[in-house]
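Q: I'd like to ask some things about the structure below.
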Amino acid sequence: MSAAFWWFFEYLNRFVQNWQYTGAAYPPWEYFCYATLPFSTVLPAVLSTRDYLAGRRWINAAFNRFLSFSPGQPKVLGWGILCISTAGLVGVGVWPNILFPLLWLSPVLIVVSLQAITQEKHIFSEIRHGDWRFVVSAALAALVCGFFWEMWNTYSLAKWEYHIPFVDRYKVFEMPALGYAGYFPFGLECALIGNLLEKSMAGTSEKETAA
């Protein structure tokens, strides 16, 4: 699942070309096999870091009773966000140099808006009660993992390099400083997939118990 999750973003990157790999000149299927193995560590790394951060006292103290946000008409808001984020994701292929941030924002917004429309619990549900712990820990987890990924990438023989419009300067390792902001929504996407997997596994367990 983790590898498929990251291959999805590799596909989206074909439209924006924000990163490319060097030192990895392999035939397509060989490259696919070599790349899938490290890609399979992405979700476990972020989700385990999220769980670690979520148990820290400072996260609980600062974000357990933070700002509450409860929209009056969640379905209407969900439909609005769904339309805008879907159009934005489609637009990435048309105006990649302008809409490239939506590569990270639109997927999570599309799924969450669908969950809001169908009145399912989603990763932002607890915000209505002022509980931001899950959101903050997930976003920070991706940033922490991203820092180490970028550090290890710097001197790798096979590595990735960035070409990000407007912010391609002041690099920390290979990543432009402002580019690290992309790890925040990526952490939410990891948390979203983690939640969907948990629900799927829980549903399977219930069916097996009932049988």
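Per my numbering, the sequence shown starts with residue 106, numbered consecutively. For each residue, glycine too, the CB sits at the ideal point set by N, CA and C. These figures come from a predicted structure and were not determined experimentally.
Can you give the beta carbon distance from LEU158 to SER242, rounded, assuming they're within the 8 Å contact cut?
A: That belief holds up - the Cβ atoms of LEU158 and SER242 are roughly 4 Å apart, short of 8 Å.
Q: Using only alpha-carbon positions, find the residue among LYS264, ARG274, ILE228 that is nearest to LYS304.
A: Taking only the C-alpha atoms, the option nearest LYS304 is ILE228.
Q: So for THR127, helix, strand or coil by DSSP?
A: The answer is strand: DSSP assigns THR127 an E or B state.
Q: Which same chain residues end up closer than 8 Å to GLY128 when comparing Cβ atoms and leaving out the 5 residues on each side of it in sequence?
A: These residues qualify, in order along the chain: SER261, LEU262, ALA263, LYS264.
Q: Keeping to the same chain, check which residues put their C-beta closer than 8 Å to that of PRO201; ignore five residues upstream and five downstream.
A: Result list for PRO201: PHE120, VAL121, GLN122, in chain order.
Q: What does DSSP give as the partner residues of MET280 in its beta bridges?
A: Partner(s): VAL277.
Q: Where does TRP265 fall in DSSP's three states?
A: Note: TRP265 maps to strand in three-state DSSP.
Q: Please report the residue range of the alpha helix (DSSP H) in which THR146 lies.
A: Here THR146 belongs to no alpha helix (DSSP H), and DSSP marks it neither H nor E.
Q: In angstroms, rounded to a whole number, what distance separates the CA positions of GLU266 and TYR126?
A: Spanning the two alpha carbons is a distance of roughly 6 Å.
Q: Does any C-beta atom of chain C lie closer than 8 Å to the C-beta of ASN169?
A: Structure shown: chain C not included; a single protein chain is present.
Q: Between the Cα of ILE298 and the Cα atoms of TYR139, PRO149, TYR131, LEU142, which residue gives the shortest distance?
A: ILE298 has its Cα closest to that of PRO149, out of TYR139, PRO149, TYR131, LEU142.
Q: Can the beta-carbon of LEU207 be found closer than 8 Å to that of LEU194?
A: Yes.
Q: Tell me which residue opens and which closes the alpha helix (DSSP H) that TRP111 is part of.
A: Start and end: 107 to 121.
Q: Quick check on DSSP: helix, strand or coil for THR141?
A: Note: THR141 maps to helix in three-state DSSP.
Q: The alpha helix (DSSP H) with ILE232 in it runs from where to where?
A: No alpha helix (DSSP H) holds ILE232; DSSP gives it neither H nor E.
Q: Run through DSSP, which three-state label would LEU172 get?
A: It is coil, neither helix nor strand.
Q: Leaving out five residues on either side along the sequence, give the residues of the same chain with a beta carbon under 6 Å from the beta carbon of GLN220.
A: Excluding residues within five positions, the ones whose Cβ falls inside 6 Å are HIS227.
Q: Less than 8 Å between C-beta atoms, sequence neighbours within five positions excluded: which residues of the same chain meet that for LEU248?
A: Answer for LEU248: TYR285, TYR288, PHE289, GLY292, listed in chain order.
Q: So, helix, strand or coil for GLU255, using DSSP?
A: DSSP places GLU255 in helix when its eight states are reduced to three.
Q: Kindly indicate which three-state DSSP category GLY160 falls into: helix, strand or coil?
A: Here GLY160 sits in coil by DSSP.
Q: Out of ALA167, PRO143, PHE239, MET256, which has the shortest C-alpha to C-alpha gap to MET317?
A: Outside the displayed span of the chain (106 to 316) sits residue 317, for which this structure offers no information.
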